[in-house]
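First residue of the sequence shown: 351, per our numbering; consecutive thereafter. First comes the structure, then the notes that go with it.
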Amino acid sequence: MGEEFKLEVVNPEKSFLSKEDVTEVVIPAFEGEMGILKDHIPIISFLKPGIIQVYSKTGEEKYYVEDGIIEFKNNNLSILTSSILNIKDIEKNQIDEMLRQAEVETNKDNVNDQDKFLSDQKIEVLKSIN
């Protein structure tokens, strides 16, 4: 099997992605961008808005997530998220609408620090995609 491990991404609708030949996954964790390789120590972490980069024998894939939880143990990476989109499938008008909504959220008068941080993260990532 070499340097590969298993990745499973699940959202409320379905099992979004399952791959057995993953060599590295870079995730946007609250602690910062985190790279996961085979035999990484067991970890549980929360996702912030950002790009998940999946590297496998079949190439590189990128996905936009807004939130979620990751768990890595026994060379199995599980990502549970309420929202995930393949970057190559996102249309410009969809990004523009998501940007508009995030900007409305961050500019509300009664927004708390955590929600402002998350909205600012969304804005930064969506602008980088655009």
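Every residue gets a Cβ at the ideal spot worked out from N, C-alpha and C, and that includes glycine. Predicted, not measured: the structure shown is a model, and the values here were computed from it.
Practice problem: Using only alpha-carbon positions, find the residue among Lys-472, Asp-463 and Val-404 that is nearest to Ile-377. | Solution: Reading the sequence shown from its first residue, position 27 is the one you call residue 377. Considering only alpha carbons, the answer is Val-404.
Quiz item: Any chance the stretch 378–391 sits against the stretch 447–461, with 3 or more Cβ pairs inside 8 Å?
Solution: No: fewer than three Cβ pairs fall under 8 Å.
Exercise. Less than 8 Å between the CB atoms is what I'm expecting for Ile-394 and Ile-419, so what's the real figure, rounded?
Key: Here residue 394 corresponds to residue number 44 of the sequence shown, with the count starting at 1. Here residue 419 corresponds to residue number 69 of the sequence shown, with the count starting at 1. That pair is a contact at about 7 Å.
Exercise. Go ahead and label Ser-433 buried or exposed: buried means 16 or more other beta carbons lie within 10 angstroms of its beta carbon, across all protein chains shown.
Key: Here residue 433 is taken as the residue at index 83 of the sequence shown, counted from 1. Exposed, since its Cβ has fewer than 16 Cβ neighbours within 10 Å.
Quiz prompt | Rounded C-alpha distance that separates Ser-406 from Glu-374 | solution = Stepping through the sequence shown from its first residue, residue 406 is reached at position 56. Stepping through the sequence shown from its first residue, residue 374 is reached at position 24. Rounded to the nearest whole angstrom, the CA to CA distance from Ser-406 to Glu-374 is 7 Å.
Practice problem: Can you tell me which of Asn-462, Asp-417 and Ile-401 puts its alpha carbon nearest to the alpha carbon of Lys-477? | Solution: Position 127 of the sequence shown, counted from the start, is the residue given in the question as residue 477. Lys-477 has its Cα closest to that of Ile-401, out of Asn-462, Asp-417 and Ile-401.
Quiz item: Given a threshold of 16 other Cβ atoms within 10 Å of its Cβ, counted over all protein chains shown, does Ser-368 qualify as buried or as exposed?
Solution: Taking the sequence shown and counting its residues from 1, one reaches residue 368 at position 18. The residue in question, Ser-368, is exposed, as its Cβ has fewer than 16 Cβ neighbours within 10 Å.
Exercise. Given a cut-off of 9 Å, decide if Glu-416 and Pro-357 are closer than it, judged by their beta-carbon atoms.
Key: Taking the first residue of the sequence shown as 1, we reach residue 357 at position 7. Taking the first residue of the sequence shown as 1, we reach residue 416 at position 66. A quick correction: the sequence has Leu, not Pro, at residue 357. Contact annotation: Leu-357 and Glu-416 have beta-carbon atoms that are not nearer than 9 Å.
Quiz item: Which same chain residues, not among the five before or five after Tyr-384, have their C-beta less than 6 Å away from its C-beta?
Solution: Taking the first residue of the sequence shown as position 1, residue 384 is located at position 34. This sequence places Met at residue 384; Tyr is not what is there. Cβ-Cβ distances below 6 Å link Met-384 to Ile-377 in the same chain, with the five nearest sequence neighbours on each side left out; the list follows chain order.
Quiz item: Nearest chain D C-beta to Lys-472 closer than 9 Å, yes or no?
Solution: The question asks about chain D, but that chain is absent: this structure has only one protein chain.
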